[in-house]
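S.K.:
Structure representation (structure tokens):
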């Protein structure tokens, strides 16, 4: 499964992220996903804030899914993998996976769905052709 992802972002689990059993508290998985998605778009060369300011279009999260496969523990090195699995008219489906650093030891999977939204009207709008092309330049399954 790891080979499906070109982008991997590293984390080291901090004490503040674990519960009383020294396992990552469930809500932090979404924080890991969100941070890795931001870094994914940075790695693509996409100027997220610049595009929002220029176009008035931003993405709203409409779905978040986390499937917990195995515990992640305090001080462990992990990698969050991100890829765009699908682009609809106005939506982007992001697939995520968390692995122990440098291994195929899968700890969690996830899905995040974003919808492109005009920030004035709050209505969905089409994902821009420029962003589609940028994503397709790295996500060969979408080219």
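Residue numbers (full-length UniProt numbering): 1 to 143. Built from N, CA and C at the ideal position, the CB exists for glycine as well.
Of all the options 65, 4, 81 and 18, which has the alpha carbon lying nearest to the alpha carbon of residue 40?
M.R.: For the residues 65, 4, 81 and 18, the minimum Cα distance to residue 40 belongs to 81.
S.K.: Could you spell out where the beta strand (DSSP E) holding residue 58 opens and where it closes?
M.R.: Counting along the chain, the beta strand (DSSP E) containing residue 58 begins and ends at 57-68.
S.K.: Measure from the alpha carbon of residue 108 to the alpha carbon of each residue in 37, 78 and 44, then state which is nearest.
M.R.: Closest option to residue 108, Cα to Cα, is 78.
S.K.: Throw me the rounded Cβ distance for the residue 57 and residue 13 pair, which I believe falls under 8 angstroms.
M.R.: With a Cβ gap of about 35 angstroms, residue 57 and residue 13 do not count as contacting.
S.K.: Can you tell me which of the three DSSP states residue 13 falls into?
M.R.: Coil at residue 13, not helix or strand.
S.K.: Give a yes or no on whether the C-beta atoms belonging to residue 106 and residue 63 are separated by under 8 angstroms.
M.R.: Not a contact, by the Cβ cut-off of 8 angstroms.
S.K.: Measuring straight from C-alpha to C-alpha, what distance separates residue 74 and residue 17?
M.R.: Taking the straight line from one Cα to the other gives about 8 angstroms.
S.K.: Which whole runs of the beta strand (DSSP E) in the region 101-142 are 3 residues long or more, in chain order?
M.R.: Listed in chain order, they are 106-118.
S.K.: How long is the line joining the alpha carbons of residue 7 and residue 130, rounded to whole angstroms?
M.R.: Using only the alpha carbons, I get a separation of about 20 angstroms.
S.K.: May I ask which residues mark the beginning and end of the alpha helix (DSSP H) holding residue 39?
M.R.: Run containing residue 39: 27-44, per the alpha helix (DSSP H) assignment.
S.K.: Have a look at residue 30 and residue 66 and give me their C-alpha separation to the nearest angstrom.
M.R.: The straight-line gap from Cα to Cα measures roughly 8 angstroms.
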